[in-house]
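Student: First to last, the sequence lines map onto chains A and B. Every position in the first sequence, counted from 1, becomes a number in this note's numbering once 1 is added. Every position in the second sequence, counted from 1, becomes a number in this note's numbering once 820 is added. We put the CB at the ideal spot given by N, CA and C, even for glycine. These numbers were taken from a predicted model, which means no experiment stands behind them.
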Amino acid sequence: MKQRGETLFVAALLAFSAAALWESYGIAGFSKWSSPGVFPMLASAVMLVCSLFIYRDARKRGAGSLIKNESEHTFELSASSDDPAATQQSPPVIDATRVFPRRVVTITALLAVYVVAMPTLGFLLCSGLFLFISISYLWNKPLWLSLGVSMASLVVIHFLFRRVFQVVLPEGAIISLFL
Amino acid sequence: MLDALSFFAIAWLDPWLIFLTAAGTLSGIYVGAIPGLSVTMATSILISFTFKWDVNEALALISGVFIGGVYGGSRTAILLNIPGAPSAIASALDGYPMAKKGAAGEAIGLTTIMSVFGGFVGIIALALFAPVISSIALMFNSRDYLLLGLIGITLVGTLSGESFAKGAFAGALGVLISMVGLDPMTAEGRFTFDSVTLLGGIPYIAAMIGFFGVAEALVQLRQIDLPVVKQKIGRVIPRLSSIKQHFGLALRSSGIGTVIGALPGTGGDIAALLAYDHAKRSTRNPEVKFGEGATEGLVAPEAANNAAVGGAHIPMLTLGIPGDAVTAVIIGALFIHGLKPGPLLLVETPHLFWFIVGSLTLANCFLLVFGLSGVRIFTKIVECPKAVLIPLIIILSAVGTYAIQNNPAHIYWMLLFGVIGYFMKIYGFQVGPIILGVILGPMMDSNFRRAILGARGDMGTFFWNFVSHPISFILSLALMIILMSQLPLWSWLRKRST
């Protein structure tokens, strides 16, 4: 079944594939079959042809609200129609009428802020804030519990990766000023 | 032979390596079991931390995670009806009904024994057949490698997705991502847009973590409110009579798993589904109906998906072609450690091959121990709320991406691929072929151009070589059959014949 926004997404893929094909052609044109642009041209041509088929299929299908992630999709394949018992026991179907639910938008925005702020604020402060804000937003528990879980997780991650795995984590420009 | 044994024993004699294998197996079981955490995700994050380690240490840990993770997925499939990994999808069909009838412990015990059995069959096949395939692969030329790469991407696109077009698109997108940067043969820039950052290409670890870690975490946010189902655990150690009864099926399923795992691009999930289908067809009078808690429906997929681990290592180590998404990530790890998987790996670094066989065997032994113990504690841990788990996955993904080169730009790539991967997943695209494309792209590009240069630039000779050389002809034929099977004409003919 088609999901909301699928046609738009596939149209974006179609445009991207066409742009990639044009850009690949710009690398060396059709000068030689062994030129560095030929394989990118072949790859983007495959993408373009496939996205045309996907676009056609997306337009053909009726609007629906079924999410299919990797596991669920294959699960449905395995639970064949001749086996009603198996079909009855498939995992719950998730309502996905909203393609980008508020929760996903919020966490993605928080992640974008986290990624941009990390070089300035440093790993510890930035990750602590990210964990606390996102856990308290997603978890319906008292704030002190979210704070406790965030801090405990941060201590474990820092010890494991800084001390055990010896990963150099960004200290942050602001922290460095005070050190 | 003695050399092989001594290399095999390295993983068994060094206490630190034994500890790493055990730790990897135990954490793999939990990673595989917790819905939202996948083995591929864990392996790709792990590689970013272990690339500075000694190669043996990194491989011991990764082997443990791989073996444990493939098995771990079955735990939540049985207890919660939520497969922790795609390879455990078939296990939920009969495992969960067994648990609902109060036989969760028995189901877990039987799963463990059969997974270990399947794992050993796969490892034995790896030890026996990899050297043979490797010596045949020495006869392969650039054309054959191009064909193998194409077969791998096409197969994974064919078997794992909603439609072939989506699978092929994802594979081609992966190839395109791998083309960004300086061309290794002519040093010409490709898709660099005069940016110095893009000259070095797109870091594939960032792509892997973005597609498998961040994208999956974002998808999981949509399912955060699913209620947790609790099961009672009874006797875990299965009865000897039950093991004896299913021995034949387990052996056949392990064979299926090994062969399917060894095909480039196919992994444990497909092996498990085919084995389940085989069990359904070959079991005439099951004690309990399939789909209602038949033990055969649990034995077959579990033996097959763990056998596929050994099988998947065969094309990876002998041909440099990943057997599935996890081995695509492991190949990345080998590259990072300066190794080049392919037919010469067994000639130049036989110790590495036998070490991998040794650590997989050790991990399989640990699987038996950890699989049959701590089941009750396990049920508590997997109840960890997703609201806590998802932010943690995101932090781990960011740290893992940053750790490769201490470059914040890599985290931006991770974020971008995470968001793209999220949309692709919800619209029914598979991200596995993308990673396969990223890994195989440079290899296919260089072999394509070498094959053309070998034909002196003449396209007629280039195409003729595909049919005039026996190995190329067989591989071309296989590719043609795979492609033909996707045509509407094929499904029409199949419908007519049935």
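With distances taken Cα to Cα, identify the nearest neighbour of leucine 970/B among Glu1112/B, Ile1141/B, Thr1017/B, Val1189/B.
Tutor: Closest by alpha carbon: Ile1141/B.
Student: Show which residues of chain B have a CB atom less than 8 angstroms away from the CB atom of proline 143/A.
Tutor: Against proline 143/A, chain B offers no close residue; the least beta-carbon distance is about 13 angstroms (beta-carbon pairs closer than 8 angstroms).
Student: For arginine 104/A, tell me which candidate among Pro120/A, Val116/A, Ala118/A, Trp140/A has the shortest Cα-Cα distance.
Tutor: For arginine 104/A, the closest C-alpha among the options Pro120/A, Val116/A, Ala118/A, Trp140/A is that of Trp140/A.
Student: I'd like the list of long-range same chain contacts for aspartate 84/A, defined as Cβ closer than 6 angstroms, with 5 residues on each side in sequence excluded.
Tutor: Residue placement at aspartate 84/A cannot be trusted, given a pLDDT of 38 that sits under 50; what the coordinates show is reported in the next sentence. There are no such residues.
Student: On a CA-only basis, which of Thr121/A, Leu125/A, Val100/A, Phe133/A is nearest leucine 111/A? Give me that one, please.
Tutor: Phe133/A
Student: Return the Cβ separation of alanine 1148/B and glycine 1077/B in integer angstroms, given the expectation that the two are a contact with Cβ distance under 8 angstroms.
Tutor: No, alanine 1148/B and glycine 1077/B are not in contact; Cβ-Cβ is about 18 angstroms, not under 8 angstroms.
Student: Look at the alpha carbon of alanine 880/B and the alpha carbon of glutamine 167/A, and state the distance between them as a whole number of angstroms.
Tutor: Between alanine 880/B and glutamine 167/A, the C-alpha separation is close to 19 angstroms.
Student: Do the stretch 1176 to 1187 of chain B and the stretch 824 to 832 of chain B make contact, defined as three or more Cβ pairs closer than 8 angstroms?
Tutor: yes
Student: Is it buried or exposed for alanine 80/A, if we count other Cβ within 10 angstroms and need 16 for buried?
Tutor: Residue placement at alanine 80/A is poorly supported in this model, since its pLDDT is 34, which falls under 50; the coordinates still yield a value, given next. Buried is the call here.
Student: Since serine 45/A meets chain B, which of its residues come closer than 8 angstroms, beta carbon to beta carbon?
Tutor: Ala992, Leu996
Student: Can you name, in chain order, every residue of its own chain whose Cβ lies under 6 angstroms from the Cβ of leucine 14/A, other than the five neighbours on each side?
Tutor: Ser52
Student: Quick one: does phenylalanine 31/A have its CB under 9 angstroms from some CB of chain B?
Tutor: At a cut-off of 9 angstroms between beta carbons, phenylalanine 31/A makes no contact with chain B.
Student: Under a CB-based cut-off of 9 angstroms, is glutamate 60/A close to chain B?
Tutor: Correcting the residue type first, residue 60/A is arginine in the shown sequence and not glutamate. Output row for arginine 60/A: interface = no.
Student: Name the chain A residues that come within less than 8 angstroms of lysine 921/B, Cβ to Cβ?
Tutor: Result: empty, since nearest Cβ-Cβ is about 13 angstroms, beyond 8 angstroms.
Student: Do you know how far the Cα of phenylalanine 1282/B is from the Cα of serine 935/B?
Tutor: 46 angstroms
Student: Mind checking who glycine 1001/B pairs with in its DSSP beta bridge?
Tutor: Arg1010/B
Student: By DSSP, does lysine 1160/B sit in helix, in strand, or in coil?
Tutor: coil
Student: For the candidate residues Leu825/B, Ile849/B, Gly1152/B, Ala1070/B, whose alpha-carbon lies nearest to that of phenylalanine 1190/B?
Tutor: Ile849/B
Student: In chain B, which residues lie with their C-beta within 7 angstroms of the C-beta of threonine 121/A?
Tutor: Residues of chain B passing the Cβ test: none, with the nearest at roughly 10 angstroms.
Student: In the stretch 129 to 168 of chain A, which residue ranges form an unbroken beta strand (DSSP E) of at least 3 residues, counting only runs that do not cross its ends?
Tutor: DSSP runs (the beta strand (DSSP E)) wholly in the stretch 129 to 168 of chain A: none.
Student: Per the contact definition of three or more C-beta pairs closer than 8 angstroms, is the stretch 1213 to 1231 of chain B in contact with the stretch 112 to 120 of chain A?
Tutor: yes
Student: On a CA-only basis, which of Ala1123/B, Tyr916/B, Ile1259/B is nearest alanine 897/B? Give me that one, please.
Tutor: Tyr916/B
Student: State yes or no: is the C-beta of glycine 884/B within less than 9 angstroms of the C-beta of alanine 853/B?
Tutor: no
Student: Taking C-beta to C-beta, are glycine 972/B and glycine 1130/B nearer than 9 angstroms?
Tutor: no
Student: Please determine, among Ile1025/B, Ile997/B, Met1005/B, the residue with the shortest C-alpha to C-alpha distance to leucine 1018/B.
Tutor: Ile997/B
Student: To the nearest angstrom, how far is it from the Cα of tryptophan 1312/B to the Cα of alanine 924/B?
Tutor: 43 angstroms
Student: Tell me the start and end of each unbroken alpha helix (DSSP H) in the stretch 1121 to 1160 of chain B that is at least 4 residues and wholly inside, in chain order.
Tutor: Runs of the alpha helix (DSSP H) inside the stretch 1121 to 1160 of chain B: 1145 to 1156.
Student: Helix or strand or just coil, what does DSSP make of arginine 57/A?
Tutor: helix
Student: Would you say cysteine 104/A faces chain B, with C-beta separation under 9 angstroms as the test?
Tutor: Looking at the sequence shown, residue 104/A is not cysteine but arginine. Judged by the 9 angstroms Cβ criterion, arginine 104/A is in contact with chain B.
Student: Look at the Cβ atom of alanine 1335/B, then the Cβ atom of valine 1239/B, and state whether they are nearer than 9 angstroms.
Tutor: Outside the shown range of chain B, which is 821 to 1318, sits residue 1335/B, and nothing can be said about it.
Student: Could you check the C-alpha separation between leucine 43/A and arginine 1010/B for me, to the nearest Å?
Tutor: 14 angstroms
Student: Leucine 126/A to leucine 913/B, Cα distance in whole Å?
Tutor: 45 angstroms
Student: Note down, in chain order, every chain A residue with its Cβ under 9 angstroms from the Cβ of glutamate 1008/B.
Tutor: Ile28, Ala29, Ser36, Pro37, Gly38
Student: Using a Cβ-Cβ cut-off of 9 angstroms, state whether isoleucine 1134/B counts as contacting chain A.
Tutor: No - not a single Cβ of chain A is within 9 angstroms of the one on isoleucine 1134/B.
Student: Less than 9 angstroms between CB atoms is the rule here; does alanine 21/A satisfy it with respect to chain B?
Tutor: yes
Student: Have a look at alanine 945/B and valine 952/B and give me their C-alpha separation to the nearest angstrom.
Tutor: 11 angstroms
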